[in-house]
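Asks: Which chain is which? The protein sequence lines are S and F, in order. Counted the way the numbering used here counts, the first sequence spans residues 5 to 209. Counted the way the numbering used here counts, the second sequence spans residues 5 to 209. Pasting in a structure now, in structure tokens, and then I'll have a few things to ask.
2 protein chains.
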Amino acid sequence: MPTTDGKADGTSTPSRILDAALASFATRGYEATSLDALAAGLEVRKQTILYWFPSKEVLLDAVIDRSAVELSEALEGSLATAGTGWVRVEAVVRSVFRLAARQPELLGLVREMGRLGPPAATRFVAALEPLVGRASGFLEAEMDSGHMRRHEPRLLLLAIYSTVIGMLTEVELLRALGVEPTARSLVRRRAEILDLLRSALVTVP
Amino acid sequence: MPTTDGKADGTSTPSRILDAALASFATRGYEATSLDALAAGLEVRKQTILYWFPSKEVLLDAVIDRSAVELSEALEGSLATAGTGWVRVEAVVRSVFRLAARQPELLGLVREMGRLGPPAATRFVAALEPLVGRASGFLEAEMDSGHMRRHEPRLLLLAIYSTVIGMLTEVELLRALGVEPTARSLVRRRAEILDLLRSALVTVP
DNA sequence: AGATCTGTCTACCATATGGTAAGTGACCAA
DNA sequence: TTGGTCACTTACCATATGGTAGACAGATCT
């Protein structure tokens, strides 16, 4: 497999392939995505894809790796925010929503991880482990210092994660509930979730 | 397509097909499930499946319909619990966890709905609409009477749903977080989620 | 100029997939 | 006994899939 992307301006062929693959994996799913369909969308032959990524699985790994880096960078940034406990939680949630507005596929891929058993999912989670560790440690510290209600930090993290991801990716359900997934409604959902989380976490108003 | 299931004792061929299909759709996904694999697991020829369900899509619809009924029945029951606001929320959450312990595939299918666009997902959500309506109405009434913090009821419902489903189905993530998905941990997760929800919802301790 | 390397393409291929057509044996009513 | 229905089977088929082999044009190196 070639190791360089040629021009690194984001429009090189391998980079475009990764973009398309991420989008399709996130929405249709990995197994339901065919290399032919991917290639057709890129106006390229399937063999071009197989030239850069010698198998579909390698392509998946590449998508996962790149996405994990992007996710990590976006979240590490907001996690580094200074300030008391709740402000930081809020900053992280806001940055996830920003991410969802800009690159919804990234969040979709996170959801897809569940189905892709140990080989792929493990890789993804492993890449995000430092982030999870930091977040978990932060929550624990805040609970120790009495700023937040005491909970099992890792379960709390999972609950927050589930809520946010659900609110952002359950488009079908939203529509069925009469909430059109527009930019406006995204803001409302964000407000709603922050409100909920604050009630659940912060000890005294 | 034949309309009767022969013996309705749950071991009739069509019933067994539905069971296997539900399990596979919920874990591997609809598109990733092949009729051949399904048939092999049932020790039956693929054409037997196509005899009872003339196409894969019809099979999916049947799985959805049956699952929606089972889900509805289980939840309607606990929603009918008497008592003040929080007790009922708790009863519903507990019954979802009970369902998750007994029939994890049902919850898995719910998650799968998101990916299956409008034809299938709409059918599922439509079948559950009365339930959602009742739950939403209940939440609104509780907020009106001051037992619960005011929130947009349908968004609140989505948040609760996402949290519960996430806690129950994100097995990969749980494992990565060091939480082995055992029966013990299920109880802990249930306690954790009830605690969180109570903090977030109930007005006065 | 000639050789080599790069990126993409055309030409195939084995296998798997959803689905059609046509049986086969057991049972059952006339 | 025979004709028909039921549950299920074997025999196929068109298409789609991931992947291999190798050709071809252009750039780069010697």
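Glycine included, C-beta positions come from ideal geometry on N, C-alpha and C. The structure displayed is predicted, hence computed values, not measured ones.
Is any beta-carbon of chain S found at less than 8 Å from that of Met117(F)?
Replies: Answer yes: the Cβ-Cβ gap between Met117(F) and chain S drops below 8 Å somewhere.
Asks: For the segment 81-159 of chain F, list the alpha helix (DSSP H) runs that are entirely contained and at least 4 residues long, ordered along the chain.
Replies: List check, alpha helix (DSSP H) in window: 89-106, 108-117 and 122-148.
Asks: When you check each C-beta in the segment 141-165 of chain F against every C-beta of chain S, which residues fall closer than 8 Å?
Replies: From the segment 141-165 of chain F, only Arg153, His155, Glu156, Arg158, Leu159, Leu160, Leu161, Leu162, Ala163 and Tyr165 have a Cβ closer than 8 Å to chain S.
Asks: Could you tell me the distance, in whole angstroms, from the CA atom of Arg188(F) to the CA atom of Leu181(F)?
Replies: Near 16 Å, if we compare the C-alpha coordinates of Leu181(F) and Arg188(F).
Asks: Against chain S, does Leu111(F) count as a neighbour if the rule is that its beta carbon must be under 8 Å from one of theirs?
Replies: With 8 Å as the cut-off, Leu111(F) does not count as an interface residue toward chain S.
Asks: Can you tell me which of Leu39(S), Phe29(S) and Leu111(S) puts its alpha carbon nearest to the alpha carbon of Val168(S)?
Replies: Taking only the C-alpha atoms, the option nearest Val168(S) is Leu111(S).
Asks: Evaluate Ala104(S) with the Cβ neighbour count: other Cβ atoms within 10 Å of its Cβ, from every protein chain shown; 16 or more gives buried, anything less gives exposed.
Replies: Label assigned to Ala104(S): buried.
Asks: Considering only the beta carbon of each residue, do Leu79(S) and Val96(S) sit closer than 8 Å?
Replies: Yes, Cβ-Cβ distance for Leu79(S) and Val96(S) is below 8 Å.
Asks: Given this structure, state the Cα-to-Cα distance separating Ile197(F) from Arg119(F), to the nearest angstrom.
Replies: Taking the straight line from one Cα to the other gives about 26 Å.
Asks: Just by C-beta distance, which residues in the segment 180-207 of chain S are closer than 8 Å to chain F?
Replies: Of all residues in the segment 180-207 of chain S, Ala180, Leu181, Gly182, Val183, Arg192, Arg193, Glu196, Ile197, Asp199, Leu200, Leu201, Ser203, Ala204 and Leu205 have a Cβ within less than 8 Å of some Cβ in chain F.
Asks: Assuming the contact rule is C-beta atoms closer than 8 Å, Leu159(S) and Met152(S) should be a hit. Round their C-beta distance to whole Å, please.
Replies: That belief does not hold up - the Cβ atoms of Leu159(S) and Met152(S) are roughly 14 Å apart, past 8 Å.
Asks: Less than 8 Å between the C-beta atoms of Leu42(F) and Ala30(F), yes or no?
Replies: No. Outside cutoff.
Asks: What whole-angstrom Cβ distance do Ala163(S) and Leu200(F) have, given they're in contact under 8 Å?
Replies: So it is a contact: roughly 6 Å between Cβ atoms.
Asks: Taking C-alpha atoms, which residue in Val48(S), Arg194(S), Tyr55(S) and Gly33(S) lies nearest to Ser99(S)?
Replies: Among Val48(S), Arg194(S), Tyr55(S) and Gly33(S), the Cα nearest to that of Ser99(S) belongs to Arg194(S).
Asks: Along the segment 44-65 of chain F, where does the CB come closer than 7 Å to a CB of chain S? Name the residues.
Replies: So the list is empty, because no residue satisfies the distance condition.
Asks: Thinking C-beta only, is Ala36(S) closer than 8 Å to Glu35(F)?
Replies: Yes, Cβ-Cβ distance for Glu35(F) and Ala36(S) is below 8 Å.
Asks: From the beta carbon of Ala1(S), is the nearest beta carbon of chain F less than 8 Å away?
Replies: The question about residue 1(S) has no answer here: the residues shown for chain S are numbered 5 through 209.
Asks: At what residues does the alpha helix (DSSP H) containing Leu207(S) begin and finish?
Replies: Reading off the sequence shown, one finds Thr at residue 207(S), where the question assumed Leu. No alpha helix (DSSP H) holds Thr207(S); DSSP gives it neither H nor E.
Asks: Measuring straight from C-alpha to C-alpha, what distance separates Leu127(S) and Arg92(S)?
Replies: In the sequence on display, residue 127(S) carries Arg and not Leu. Going by the C-alpha atoms only, they are around 27 Å apart.
Asks: Consider the Cβ of Gly33(S): report whether some Cβ of chain F lies at a distance smaller than 8 Å.
Replies: At least one chain F Cβ lies under 8 Å of Gly33(S).
Asks: Please say whether Leu132(F) and Leu4(F) have beta carbons closer to each other than 8 Å?
Replies: Because chain F is modelled from 5 through 209, residue 4(F) falls outside the range shown and cannot be assessed.
Asks: Taking Cβ-Cβ distances shorter than 7 Å, what residues in chain F pair up with Glu174(S)?
Replies: The answer, in chain order, is Gly118, Leu162 and Ser166.
Asks: Using beta carbons (cut-off 8 Å, strictly below), is Leu75(F) in contact with chain S?
Replies: Leu75(F) does not count as touching chain S.
Asks: Return the Cβ separation of Leu135(S) and Ser71(S) in integer angstroms, given the expectation that the two are a contact with Cβ distance under 8 Å.
Replies: Contact doesn't hold; Cβ gap of about 13 Å is too wide.
Asks: Leu178(S) touches chain F at which residues, Cβ-Cβ below 8 Å?
Replies: The contacting residues are Leu162.
Asks: Please state whether DSSP places Glu74(S) in a helix, a strand or coil.
Replies: Three-state DSSP puts Glu74(S) in a helix.
Asks: Have a look at Met171(S) and Thr52(S) and give me their C-alpha separation to the nearest angstrom.
Replies: Rounded to whole angstroms, Met171(S) to Thr52(S) spans 37 Å at the Cα level.
Asks: Is Val62(F) helix, strand or coil by DSSP?
Replies: Of the three classes helix, strand and coil, the one that applies to Val62(F) here is helix, per DSSP.
Asks: Contact criterion: CB-CB distance below 8 Å. Does Ala36(S) meet it with respect to chain F?
Replies: True, the Cβ-Cβ gap to chain F drops below 8 Å.
Asks: Could you check what DSSP says for Gly33(F) in three-state terms: helix, strand or coil?
Replies: In the structure shown, Gly33(F) sits in coil (DSSP, three-state: anything other than H, G, I, E or B).
Asks: Is any beta-carbon of chain S found at less than 8 Å from that of Val136(F)?
Replies: Yes, its Cβ sits closer than 8 Å to a Cβ of chain S.
Asks: Can you give the beta carbon distance from Arg115(F) to Thr173(F), rounded, assuming they're within the 8 Å contact cut?
Replies: Indeed, because the Cβ distance is near 5 Å, the residues count as touching under 8 Å.
Asks: So Val175(S) is in the alpha helix (DSSP H); what residue range does that whole segment cover?
Replies: Unbroken alpha helix (DSSP H) run through Val175(S): Val175 to Ala180.
Asks: What are the start and end residues of the alpha helix (DSSP H) that includes Thr52(S)?
Replies: Run containing Thr52(S): Lys50 to Trp56, per the alpha helix (DSSP H) assignment.
Asks: Taking Cβ-Cβ distances shorter than 9 Å, what residues in chain F pair up with Gly89(S)?
Replies: In chain order: nothing, as chain F lies at least about 15 Å away.
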